[in-house]
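Undergrad:
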């Protein structure tokens, strides 16, 4: 199944917005050369508009409703992490659920062989964005 970056962005946005989050575009670290291989969606101070723990779970559920497959979940300290996949795309979500919640981030990456060198280059250039 071929999935385009614009579709990933739209589905991430729809799921997170429906869950009660408001996107902070200033947190997008994707360089222009990687826009077809990586999509960022982040919330700064997520407790302002939604219960972050519930909204994080609801965002993943919204992606599943849009045809994504829920994958591995993990917790490290106060951070919950979840993965969802669709086609060559993988969305990794992370939420700091400890006291003083700071951010919730969803990062979609195209895991195809075509995108791997682009993502590696973008990672090396991320400090320039």
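Numbering (the working numbering), first residue to last: 81 to 209.
Virtual Cβ for every residue (Gly too), placed ideally from N, Cα, C.
Keep in mind the model is a prediction, meaning the values are calculated, not measured.
Quick one: residues in its chain with C-beta nearer than 7 Å to the C-beta of residue 287, no 5 flanking neighbours on either side, listed in chain order?
TA: Only positions 81 to 209 of the chain appear in the structure, and residue 287 is not among them; the question remains open.
Undergrad: What residues are listed by DSSP as bridge partners for residue 184?
TA: Position 104 of the chain shown holds residue 184. Paired residues: 123, 175.
Undergrad: Tell me which same chain residues have a C-beta within less than 6 Å of the C-beta of residue 83, skipping the five on either side of it?
TA: Translated into positions along the chain shown, residue 83 becomes position 3. Only 166, 167, 169 meet the Cβ criterion.
Undergrad: Would residue 112 be called buried (16 or more neighbouring beta carbons within 10 Å of its own) or exposed?
TA: On the chain shown, position 32 is the one that residue 112 refers to. Exposed is the call here.
Undergrad: My guess is that residue 151 and residue 164 are in contact by the Cβ rule of under 8 Å, so how many angstroms apart are they, rounded?
TA: The residue you call residue 151 lines up with position 71 of the chain shown. The residue you call residue 164 lines up with position 84 of the chain shown. The pair is a contact, with the Cβ atoms about 6 Å apart (cut-off 8 Å).
Undergrad: For residue 183, which option in 110, 130, 94 has the closest C-alpha, if you only look at C-alpha atoms?
TA: Along the chain shown, read from residue 1 onward, the residue named residue 183 stands at position 103. The shortest Cα separation from residue 183 among 110, 130, 94 belongs to 130.
Undergrad: Would you call the region 138 to 148 and the region 88 to 104 in contact, with 3 or more CB pairs under 8 Å?
TA: Enough Cβ pairs lie closer than 8 Å, so yes.
Undergrad: Assuming contact is defined by CB atoms lying nearer than 9 Å, are residue 120 and residue 107 in contact in what I supplied?
TA: As a first step, residue 120 is located in the chain shown; it is residue number 40 there, counting from the start. As a first step, residue 107 is located in the chain shown; it is residue number 27 there, counting from the start. Yes, these two residues count as a Cβ contact at 9 Å.
Undergrad: Just how far apart, CA to CA, sit residue 209 and residue 146?
TA: Walking along the chain shown from the start, residue 209 turns up at place 129. Walking along the chain shown from the start, residue 146 turns up at place 66. Note that residue 209 scores 45 on pLDDT, short of 50, meaning its location in the model is unreliable; the coordinates nonetheless yield the value given after this. Spanning the two alpha carbons is a distance of roughly 30 Å.
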